[in-house]
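In the numbering used here, the protein residues as written are 72 to 478.
For each residue, glycine too, the CB sits at the ideal point set by N, CA and C.
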Amino acid sequence: MLPYGHQSIDQQDIDAVVEVLKSDWLTTGPAVEQFETQFANHVGCKHAIAVSNGTAALHLAMLAADIGAGQRVITSPNTFVASANAAAFVGALPDFSDIDPVSYNLCPQALQANWQPDTSAVVAVDYAGQSAEMPAIAEFARSQNAVVIEDACHATGGQFEHDGNIFDIGSHPWADMTIFSFHPVKTMTTGEGGMLTTNNDEFAAKARLLRSHGITRDPNRFQGLTSATVGHSDSEIGPWYYEMHSLGYNYRITDLQCALGISQLNRLRSFIQRRQEIVEIYNELFADTEHIVTPKLRNPRDRELTSWHLYTLQIDFAAAGIQRTEIMQRLGQKGIGTQVLYIPVHLQPWYRENYGYAHGKCPVAEKFYTRSLSLPLFPTMENNDVEYVAEKVKIHLNQTATSTLVA
Ligand SMILES: Cc1ncc(COP(=O)(O)O)c(C=O)c1O
């Protein structure tokens, strides 16, 4: 079976995890800090805060930016629900602005047109690994005093070109905070896991504090407790002592996961190169195929910079005379796993019920969804796997729904 996404784990990854298992630390030990330092060095940012998953990192970003009730957060409808849910977690209003028909990322012009005075943050998603148009988005959002959060859960290790310079996702100047996910289908994995990166000291300090119950053990930050409040004096503050300064969460990640993360980070460059090669092969094989539109980069200079988490085709199923479910089933019978990414988030029942969103709010994303089919893409795919998938997709598309299956 060729699933739509799959992790690549080698002996080096396994050895790294086993080493932690034999050590004294399973959870927050030295590997967490090492992973954070190496990740920060990799993307070139000042702070990297490792957490239990990407959703937790999104939630922490909202809290760090003080987003809450009475504020609006605009994100892309073409994303996993977590990008929008994080705004709802903190009592803000999650809202959606339509996508660009080429990149399938937030359209800066639509964002500007949909802007409301209560908008306090934008969550720009790098769909499939292609960088959102961060300079344009940030320039406008900041002119309105909004915080810019980049949901780069699809784009770990990605870069982009702007005005002749190359920028790393996770450290460039057009995001105040950037969020990564290390779920197994992503470009590198820690099993479950996530990261928040930022160059802003205040956001970093808040996110770090809230990751673990709002508790600090840093003597420089102690407010001090008096004998009247806890029955002992400041002079009794000893090694056991800690203070809770905010209502935080347990969003910690384990040493086991971070050991895997360090090892995967060492392999990330090769994963991305292989993903780029596979995308090129698919693009060539599907070039000029009727009813199919292959993924396009808004900036062609990003060809060797994009980390490609997904390979998503746009297929005119109606014109091809076949239903998407049927082609997915047929491909499944041939050992090919496919996915539909994404159902526009504003059309999810919870969003419709709670915010009154309806079909027609984001027409480009809605049309994108009806035509979307993500094919297998992961670094251990062989060239002949890619050729096999492309061949079967083409054969099944060229048959009408009623014809006899011969492929
Ligand atoms: C765009 C996007 N944002 C956020 C998330 C949430 O990440 P996690 O599953 O690590 O919580 C995902 C995961 O699928 C995602 O694809």
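At least one heavy atom of ligand 1 falls within 7 Å of the beta-carbon of F151. Of all C-beta pairs linking the region 313-322 to the region 342-362, fewer than three are shorter than 8 Å, placing the two stretches out of contact. Nearest C-alpha to W245 among A278, A330, N236, E221: E221. Approximately 12 Å separates the beta-carbon atoms of I363 and H467; this is outside 8 Å, ruling out the contact.
If you draw a 10 Å sphere on the C-beta of H430, you find fewer than 16 other C-beta atoms in it, and that means exposed. The shortest C-alpha to C-alpha distance from D272 to any of Q83, D81, A132 is the one to A132. Ligand 1 approaches L129 closely enough that one of its heavy atoms is under 7 Å from the residue's Cβ. Distances from the alpha-carbon of P165 to those of V193, A181, R282, P172 put V193 closest. Remark: the C-beta of C224 is in contact range of ligand 1, defined as less than 7 Å to any heavy atom. A157 is the residue among A157, A390, V411, E437 whose C-alpha sits nearest the C-alpha of G139. Beyond the five residues adjoining it in sequence on each side, T287 comes within less than 7 Å, by CB distance, of L280, Y313, E314, H316 in the same chain, given in chain order.
If you draw a straight line from the Cα of N185 to the Cα of V103, it comes to about 40 Å. In the displayed model, D247 falls within coil according to three-state DSSP, outside both helix and strand. Note on geometry: alpha-carbon atoms of Q82 and S341 lie some 16 Å from one another. Bounds of the beta strand (DSSP E) holding T383 are 382-386. The shortest CA-to-CA distance from V88 to any of N270, A127, C329 is the one to C329.
With contacts defined by Cβ atoms closer than 8 Å, S168 and I145 form a contacting pair. T396 and M452 have their alpha carbons spaced roughly 24 Å apart. In the three-state reduction of the DSSP assignment, D189 falls in the coil class, being assigned neither a helical nor a strand state.
With fewer than 16 other beta carbons inside 10 angstroms of its own, P188 counts as exposed. Counting every other CB atom within 10 Å of its CB across the protein chains shown gives T441 a total below 16, marking it as exposed. Of all C-beta pairs linking the region 119-128 to the region 260-268, three or more are shorter than 8 Å, placing the two stretches in contact. Look at V194 here: in three-state DSSP terms it is strand. Scanning its chain for C-beta atoms nearer than 8 Å, with the 5 sequence neighbours on each side dropped, one finds around E375 the residues Q347, in chain order. According to DSSP, T269 shares a beta bridge with H118. Remark: the C-beta of N455 is outside contact range of ligand 1, defined as less than 7 Å to any heavy atom. Around the beta carbon of P290, fewer than 16 other beta carbons sit within 10 angstroms, so the residue counts as exposed. E437 and Q294 have their C-alpha atoms spaced approximately 51 Å apart. M259 carries a coil assignment under DSSP once its states are collapsed to helix, strand and coil.
DSSP places F231 in the uninterrupted beta strand (DSSP E) bounded by 230-233. For T146, there is no enclosing alpha helix (DSSP H); the enclosing beta strand (DSSP E) has its first and last residue at 143-146.
Closest by C-alpha distance to P148, out of F449, P172, G235, Q230, is P172. Nearest to L381 by alpha-carbon distance, out of C433, H284, Q201, is Q201. Its Cα nearest to that of L368, the residue E204 stands out among G141, E204, T150.
With contacts defined by Cβ atoms closer than 8 Å, G76 and L402 do not form a contacting pair.
No residue range can be given for P366, since it is assigned to no alpha helix (DSSP H) and is classified by DSSP as neither H nor E.
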